[in-house]
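Residue numbers (full-length UniProt numbering): 1 to 104. The beta-carbon is built from N, C-alpha and C at its ideal position, and this holds for glycine as well. None of these values were measured; they are calculated from a predicted model. Reviewing the structure listed below.
This is how it looks when you write it as structure tokens:
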């Protein structure tokens, strides 16, 4: 089974050597060793990974890549906010929240 690092590199859908380099840079900036990365480390590194990918990809592509990375850890951390889709409930609204003109 591929390591978590290898799976993250695959999510980038870029040339493997290039993806390894930019993911390694993002992980190291986050204080994470790529060889021993755990799911919680990946969650912590997502902002740095997003920043690295944003240099080379358009925002929609970056969103898709990050969503794929979140899916890697979804089974281990299903209730962790960082794993969910940030666009599903903007501004932290709960799924059942309804607002009207008076804020209710």
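Decide if residue 18 is buried, meaning its Cβ has at least 16 other Cβ atoms within 10 Å, or exposed.
exposed
Can you tell me whether residue 1 is buried or exposed, with buried defined as 16 or more other CB within 10 angstroms of its CB?
exposed
In chain order, what residues of the same chain have a beta carbon less than 7 Å from the beta carbon of residue 68, not counting five sequence neighbours either side?
11, listed in sequence order.
Within 10 angstroms of its Cβ, does residue 5 collect 16 or more other Cβ (buried), or is it exposed?
Residue 5 is buried by the Cβ-count criterion.
Using the C-alpha atoms, what's the distance from residue 56 back to residue 9?
About 15 Å.
Quick check: what's the CA-CA separation for residue 32 versus residue 47?
13 Å
Just confirm the distance between the C-beta atoms of residue 45 and residue 27, as a whole number of angstroms; I'd bet it's less than 8 Å.
5 Å
In this structure, does DSSP put residue 9 in helix, strand or coil?
helix
In the structure shown, what three-state DSSP assignment does residue 41 receive?
helix
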